[in-house]
């Protein structure tokens, strides 16, 4: 049974009729073939078949920890990170950040993730974590994770990744004004590798998307 | 001397005053230190110093030939391709394309390129070519160029790139509905390598940005 937004989306946007075949997913990797059995005001009954379970993703889990950009750039970034296969997004609280990593931002971004998952055929949701400062993120990082920090003058990304047989990759992207000296110190003490993304000054969302495109490729 | 849009931008948006230091570039790799000498109604006189000439870019030139997405997605894509260092964008005329590759689209996108260059510190403009169909693009391709086509089931991008000691990389991205069988035939006859960008269905602009992020890295 679907209700709320998903029921309305199915009947009013997609204009589903009784008998139509649909596909539903639980965000954790399971997907069911289904057929519309009945349509109520804000409620759709479905006959569901046997779930197919996606194999776990092939590559290393990738967390992007990003000082969120403002407005549409934030939404855009999350859509792209979802399509490209990022496992988890952690909004970073930084001293020069321009957008607050609030609970309402988290909820808004989770909606963007669901839409993007439907659109790109991804069955496991990108996890949008609660906002936190760098020191808390790094203190909580799992053993065996490798931390990369986008910073001018760092080593080429491919060299940094080739060196790391990691259980998880955590890539840090600072705000437009860059990480503060104190924040860089926190990253350095956690063993973060400084990586460069080329000769130009990338916007926050461009750096995050470029990291995702280069870190999330399935093992080749 | 600056006039028109650039003069207005300098005085009204950046609020430059006589004596302020500015930096100007010609889009072809030259950059001058300068100082504002006088400000007129739609005209700014500058005292310019000795130009610094950027060395040619380190990597292989990258052309992205893309069936343009619509509206904001188009503008967004061009901003990101500029930041990431793409050499040339060719709007592709395809049978399933949703946005026309008109001369006015070209002009609009050139403005986006200039803004993005100023913002990211890039001194050579990304070239926005005129729209053309796939067969014309490929007939005009320089000898020694390597053509990649984003297509489901293709080989991993890194494998494809590692195999190609090319003078130029040309990456093709089709419209939302994909290239037609006829277009795929044209690409295949030109020796295009089918490349995959991961397990999800990427939007046009996401595929283009992901290709840029992975092809434009300076030689490492």
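Chains as they are written, first to last, in our numbering: chain A, 8 to 227; chain B, 8 to 227.
Even glycine gets a Cβ: it sits at the ideal position worked out from N, Cα and C.
Going by DSSP, name the residue or residues bridged to residue 39 of chain B.
Note: residue 39 of chain B sits in a beta bridge opposite B:31.
Does residue 87 of chain A get closer than 8 Å to chain B when you measure Cβ to Cβ?
Output row for residue 87 of chain A: interface = yes.
Where do the N-terminal and C-terminal ends of the alpha helix (DSSP H) with residue 97 of chain A fall, by residue?
Counting along the chain, residue 97 of chain A falls outside any alpha helix (DSSP H), though it belongs to the beta strand (DSSP E) covering 95 to 100.
Let me see if you follow: with CB-CB separation under 8 Å, is residue 209 of chain A close to chain B or not?
Chain B, which has a Cβ nearer than 8 Å to the Cβ of residue 209 of chain A, makes this yes.
Using C-beta distances below 8 Å, list every residue in its chain close to residue 193 of chain B, excluding the 5 sequence neighbours before and after it, in chain order.
Result list for residue 193 of chain B: 141, 142 and 145, in chain order.
DSSP three-state call for residue 49 of chain B: helix, strand or coil?
Reduced to three states, the DSSP call for residue 49 of chain B is coil.
Suppose only complete runs of 3+ residues qualify. What are the beta strand (DSSP E) ranges in the region 93 to 158 of chain B, listed by chain order?
Listed in chain order, the complete beta strand (DSSP E) runs (minimum 3 residues) inside the region 93 to 158 of chain B are 95 to 100.
DSSP three-state label for residue 175 of chain B, please.
Note: residue 175 of chain B maps to strand in three-state DSSP.
Please tell me whether residue 233 of chain B has its Cβ less than 8 Å away from any Cβ of chain A.
No information on residue 233 of chain B is available, as it lies outside the stretch 8 to 227 that chain B covers here.
Please check if any C-beta of chain B sits within less than 8 Å of the C-beta of residue 118 of chain A.
No, its Cβ sits nowhere closer than 8 Å to a Cβ of chain B.
Of all the residues that make up the region 92 to 116 of chain B, which are near chain A by a beta-carbon distance shorter than 8 Å?
Hits within the stretch, in order: 92.
Is there a Cβ from chain B that is less than 8 Å from the Cβ of residue 195 of chain A?
No - not a single Cβ of chain B is within 8 Å of the one on residue 195 of chain A.
Just confirm the distance between the C-beta atoms of residue 217 of chain A and residue 123 of chain B, as a whole number of angstroms; I'd bet it's less than 8 Å.
Actually they do not touch by this definition, with Cβ atoms about 14 Å apart.
Name the chain A residues whose beta carbon is nearer than 7 Å to that of residue 83 of chain B?
83, listed in chain order.
Under three-state DSSP, which class holds residue 11 of chain B?
Helix.
For a minimum of 4 consecutive residues, which ranges assigned as the alpha helix (DSSP H) are wholly contained in the region 186 to 223 of chain B?
Those alpha helix (DSSP H) runs which fall completely within the region 186 to 223 of chain B and span 4+ residues are 188 to 196 and 211 to 222.
Measure the alpha-carbon distance for residue 13 of chain A versus residue 121 of chain A and round it to whole angstroms.
Taking the straight line from one Cα to the other gives about 10 Å.
Is the CB of residue 159 of chain B under 8 Å away from at least one CB in chain A?
Cβ-Cβ to chain A under 8 Å: no for residue 159 of chain B.
Taking its Cβ as the centre, do 16 or more other Cβ atoms sit within 10 Å of residue 227 of chain B, making it buried, or is it exposed?
Annotation note: pLDDT 44 at residue 227 of chain B (below 50); position unreliable, no value reported.
Could you please give me the residues that DSSP links to residue 70 of chain B through a beta bridge?
Looking at the DSSP assignment, residue 70 of chain B forms a beta bridge with B:95 and B:177.
Which same chain residues end up closer than 8 Å to residue 204 of chain B when comparing Cβ atoms and leaving out the 5 residues on each side of it in sequence?
Around residue 204 of chain B: 157, 164, 214, 217 and 218.
Going by DSSP in three states, residue 227 of chain B sits in which element: helix, strand or coil?
Residue placement at residue 227 of chain B is poorly supported in this model, since its pLDDT is 44, which falls under 50; the coordinates are not used for a value here.
Should residue 130 of chain B and residue 11 of chain B be called a contact, given that it needs their Cβ atoms to be closer than 8 Å?
No, they are not a contact pair.
By DSSP's criteria, residue 230 of chain A is part of a beta bridge. Which residues make up the other side?
The shown model of chain A, from 8 to 227, leaves out residue 230 of chain A, and the question about it has no answer.
Applying the 10 Å Cβ sphere with the 16-neighbour rule, what's the burial state of residue 111 of chain B?
Residue 111 of chain B is exposed by the Cβ-count criterion.
With a threshold of 8 Å between beta-carbons, can residue 33 of chain A be considered close to chain B, or not?
Chain B contact via Cβ: absent.
Tell me whether residue 79 of chain B sits in a helix, a strand or coil according to DSSP, three-state version.
Note: residue 79 of chain B maps to helix in three-state DSSP.
If we cut at 8 Å on Cβ distances, does residue 220 of chain B have a partner in chain A?
Closer than 8 Å to some Cβ of chain A, the Cβ of residue 220 of chain B qualifies, so yes.
State the Cα-Cα distance for the pair residue 154 of chain A and residue 172 of chain A, rounded to the nearest angstrom.
Computed Cα separation, rounded: 12 Å.
Please list the partners that residue 90 of chain A has in chain B, where partner means a Cβ-to-Cβ separation under 7 Å.
Ordered by position in chain B, the residues that pass the 7 Å Cβ test against residue 90 of chain A are 207, 209, 210 and 213.
Go ahead and pull the three-state DSSP assignment for residue 167 of chain A.
Of the three classes helix, strand and coil, the one that applies to residue 167 of chain A here is helix, per DSSP.
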